[in-house]
Structure formats: C-alpha cells, structure tokens
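S.K.: Below are the structure tokens for one structure; questions will follow.
Residue numbers (UniProt numbering): 1 to 389.
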C-alpha cells in the first residue's frame with residue numbers, strides 16, 4: 001500500500017511492552033512482504049496468534065483446480081448469468097480461467113463464508129452487484145457494486161453478504177499493487193495517476209469478537225500452494241486491538257477511476273488499475289469519446305501478441321460488441337494468436353458518438369489462460385464465428 005495507516009490502540013514505539021488492562025502483554029504480529037523488505041503491518045493481539053490446537057487436510061473439490069488448454073484456439077464468451085447461484089464467497093467460486101500466475105473465478109453467493117486465509121498470494125474481489133460486509137483481523141469494510149476489494153496475502157477474513165452478491169475473484173500467485181508508473185519513488189500517487197489515496201477505503205477501527213466466541217477454538221481455512229488445510233486456533237483470531245503500517249485490505253471503487261481521453265482512440269494501458277505477477281487489471285469506465293473530427297470512437301482491430309485478454313462486462317452499453325451476444329455479466333476471452341475488434345457494422349454505427357456508458361473489468365495475462373469447469377459450463381459456442389456473420 002502506498003500510505004501509512006494506524007487503527008485502534010498501539011504503543012508509542014514498536015516492539016516495546018504494550019500491556020492489556022489486566023496487566024498482561026499484548027502479542028505482536030508482524031505481517032510483512034518480500035522477506036520483510038517491503039510493506040508491512042504490525043498487529044497487537046489479545047491472545048497469541050501462534051496458538052493452534054488442530055490441523056486437518058481439506059478436500060478442494062468446491063474449487064476444482066483442474067484446467068484444460070484453450071484448444072482448439074478460439075475466442076470465447078462465458079455467460080456468468082447462466083452459472084448456478086449459492087454458497088459463499090470462498091468455497092462458492094466457479095473457476096473460469098487460470099495459469100500459474102492467476103486464477104479467475106465467478107461467484108454468485110448468498111451465504112456467509114467461514115474464516116479464510118489465502119497464503120498463496122493477494123486476492124482482488126470485484127463486486128459486480130450486491131452488498132456485503134468484509135471482516136478481517138484489520139477491521140471491517142462495507143462493500144458494494146463497483147468495489148475492488150484488495151486483500152493482502154495471509155489476511156484472515158470472512159465475507160458476510162447483506163443480499164445476493166455476484167463477484168469476480170482474482171487470486172494471484174504474488175502481490176497485487178497500483179502500477180509503479182502511478183507512484184513516486186516513496187509511494188505517493190502522482191498527479192497523472194487516474195486515482196489517488198483519497199479514493200481508497202481502509203479499515204477505520206478494530207473488529208473485536210467478544211464474549212464466549214472469543215475464547216472458543218476457531219477453525220480457519222488456509223490455502224497454500226499445496227492445497228487446503230483447516231487450522232483450528234485456540235482463540236478467535238479477531239482479537240486485534242490495534243495495528244499500523246502500509247499493509248492492509250482496502251477498497252477502490254471503479255466509479256472513482258478517472259479515464260484518460262485522447263483525440264483518437266487510446267490503447268488499453270491507459271485503463272490500467274492494478275498490476276500483479278505477469279498480469280494487469282484494467283477498468284473501462286463511462287467517459288467522453290475521442291474528439292478528433294474524424295475519430296473512430298471504438299477500438300480498432302487489435303492483437304496483443306504477448307497476452308490473453310479476459311474482459312468482464314459489468315454495466316452500461318458496450319457498443320463495439322453489439323450483435324455478438326455479449327451482455328451484462330458476460331466475459332470474453334480473446335487469446336494471443338487471435339486478432340479481435342468491433343463487431344461487423346459497429347465502426348460505422350459509432351461515428352459521431354460523443355460518450356460511452358460502458359463499464360468493464362479487464363485482466364491481461366502474459367502467460368496463456370487455461371479453461372476451468374465454470375468456463376466450459378457457461379460458454380456460448382457460437383461466439384467465435386460472430387465476426388464472420
């Protein structure tokens with residue numbers, strides 16, 4: 001994270017005695033990235049965060065890891081509208097695409113999750129619709145439509161929907177951060193960046209579980225590169241009285257992204273929002289269109305020779321895709337090796353347009369994406385041929 005935050009009670013100096021009201025000493029937990037050579041946070045627990053009483057292997061069938069190559073090579077359209085609803089935002093994920101760097105899943109959920117810790121990498125969850133309460137050892141975040149929820153590796157958390165939630169989950173093999181070109185050498189957002197610190201929402205107070213629940217053994221599902229384990233902690237892990245640092249979950253809403261507009265059509269990097277290991281996340285937002293007198297205000301045919309393009313259409317009217325079957329909730333996958341662009345007739349229909357209402361989340365990966373069970377289950381088999389009609 002690019003800026004410092006302090007929440008709750010903390011002592012004046014790090015790593016000194018910090019006493020509980022009963023005279024005991026709070027237990028420190030330093031959460032740090034890259035061998036404690038990058039961002040970190042220092043949390044103060046009522047109980048030892050190391051105290052576990054049980055460890056059990058858990059089957060991973062609810063989030064099947066099996067994928068298959070995108071063969072024969074083809075552009076694809078997944079209709080998340082057709083995927084089943086139910087479950088929670090941890091175990092109810094339906095895998096769409098994955099490679100060694102990132103896993104992309106869809107979830108349409110109604111239930112609260114159990115406690116969860118992803119120890120493989122950071123997660124970003126994009127809320128397409130619905131509202132939920134995100135609870136973690138750092139505090140609480142209320143989230144809703146348009147929110148990117150960025151969760152650092154190792155954060156114990158759970159999801160409590162207030163209503164049905166539809167979401168895209170991005171599970172990285174490393175860290176998800178704002179692009180380096182948006183930040184100063186010391187981490188401040190620069191003036192040319194399309195968002196700033198003021199647009200980010202972090203926890204503002206501790207979230208303490210009290211009463212009998214606080215002292216009972218509490219299970220936490222932990223994901224590692226080897227699979228799932230359920231660790232049972234001696235006490236509920238939501239016992240942090242305060243923390244400070246640069247590493248914590250936060251929220252950025254897509255409607256706070258400030259689009260960059262040119263006289264002629266701008267390429268996808270102007271929409272970049274986050275970067276991860278061998279992938280980027282971009283936000284396509286409502287904006288004035290290109291204003292050159294002769295501009296073609298929709299994308300030209302293009303072929304990103306190094307990337308697969310995964311696009312989630314979340315709101316508005318995506319004029320360039322009209323006639324393809326793409327609708328709100330659709331996901332397109334345009335792989336390297338395929339040139340894609342507007343549907344037949346879309347260029348002519350767009351001439352003279354001054355504004356677009358489209359909203360979409362795009363992930364470009366620098367390694368090929370394989371297909372998961374959710375992709376095969378929701379695919380529109382006619383999509384690849386829509387440019388030839």
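Where a beta carbon is used, it is the ideal one built from N, C-alpha and C, also for glycine.
Check whether the Cβ atoms of residue 361 and residue 251 lie closer than 9 Å to each other.
M.R.: no
S.K.: Taking residue 53 as the reference, give the member of 198, 235, 39 with the closest Cα.
M.R.: 235
S.K.: Given a cut-off of 9 Å, decide if residue 239 and residue 209 are closer than it, judged by their beta-carbon atoms.
M.R.: yes
S.K.: Would residue 194 pass as a contact of residue 270 if the rule is Cβ separation under 9 Å?
M.R.: yes
S.K.: Let's test the definition: count the other Cβ atoms within 10 Å of the Cβ of residue 211 and tell me whether it reaches 16, buried, or not, exposed.
M.R.: Within a 10 Å sphere around the beta-carbon of residue 211 sit fewer than 16 other beta-carbons, which makes this residue exposed.
S.K.: What runs of the beta strand (DSSP E), each 3 residues or longer, lie entirely inside the UniProt domain "Homogentisate 1,2-dioxygenase C-terminal" (279 to 353)?
M.R.: 279 to 284, 308 to 315, 330 to 334
S.K.: Let me make sure I understand the geometry here. Which of 255, 9, 36 has the alpha-carbon closest to that of residue 207?
M.R.: 9
S.K.: Taking only runs of the beta strand (DSSP E) that begin and end inside the stretch 207 to 250, which ones reach a length of at least 3 residues, in chain order?
M.R.: 218 to 224, 227 to 233, 240 to 245
S.K.: Going by DSSP, what residue range makes up the alpha helix (DSSP H) through residue 81?
M.R.: Here residue 81 belongs to no alpha helix (DSSP H), and DSSP marks it neither H nor E.
S.K.: Do residue 147 and residue 254 have their CB atoms nearer than 9 Å?
M.R.: yes
S.K.: Could you work out which residue in 221, 241, 226, 346 is closest to residue 232 when comparing CA atoms only?
M.R.: 221
S.K.: Apart from the five residues on each side of it in sequence, which residues of its chain come closer than 8 Å, Cβ to Cβ, to residue 343?
M.R.: 320, 321, 322, 323, 324, 386, 387
S.K.: For residue 157, which beta-bridge partners are listed by DSSP?
M.R.: 116, 136
S.K.: With distances taken from CA atoms, which of 66, 309, 86 is nearest residue 95?
M.R.: 66
S.K.: So, at 8 Å on beta carbons, what are the nonlocal neighbours of residue 87 in its own chain, with the 5 sequence-adjacent residues on each side left out?
M.R.: 62, 107, 109, 110, 111
S.K.: Which residue from 204, 347, 181, 329 puts its Cα closest to that of residue 275?
M.R.: 181
S.K.: List the whole-angstrom C-beta distance separating residue 127 from residue 74, where the pair is believed to meet the contact cut-off of C-beta under 8 Å.
M.R.: Between residue 74 and residue 127 the Cβ distance is about 30 Å, and since that is not below 8 Å, they are no contact.
S.K.: Please go through the same chain and pick out, in chain order, the residues whose beta-carbon is closer than 8 Å to the beta-carbon of residue 105, but skip the five residues on each side of it.
M.R.: 63, 93, 94, 95, 96, 168, 169, 171, 372, 374
S.K.: Is the distance from the Cβ of residue 124 to the Cβ of residue 312 below 9 Å?
M.R.: no
S.K.: Here's the rule I'm using: 16 or more other beta-carbon atoms within 10 Å means buried, otherwise exposed. How should residue 264 be labelled?
M.R.: Answer is exposed; the Cβ neighbour count stays below 16.
S.K.: Buried or exposed for residue 379, going by 16 or more other Cβ atoms inside 10 Å?
M.R.: buried
S.K.: Can you tell me which of 156, 261, 246 puts its alpha carbon nearest to the alpha carbon of residue 135?
M.R.: Comparing Cα positions, the closest option is 156.
S.K.: Are the Cβ atoms of residue 249 and residue 151 separated by less than 9 Å?
M.R.: yes
S.K.: Touch check for the stretch 222 to 229 and the stretch 24 to 34: three-plus C-beta pairs under 8 Å?
M.R.: no
S.K.: Residue 122: which of 333, 258, 381, 34 sits nearest, CA to CA?
M.R.: The option with the nearest alpha carbon to residue 122 is 34.
S.K.: Under three-state DSSP, which class holds residue 360?
M.R.: strand
S.K.: According to DSSP, residue 276 sits in a beta bridge with which residue or residues?
M.R.: Answer is 279, bridged to residue 276.
S.K.: Just to confirm the assignment, what range does the beta strand (DSSP E) spanning residue 5 have?
M.R.: First-last of the beta strand (DSSP E) with residue 5: 5 to 8.
S.K.: Express the C-alpha separation of residue 50 and residue 23 in angstroms, rounding to a whole number.
M.R.: 21 Å
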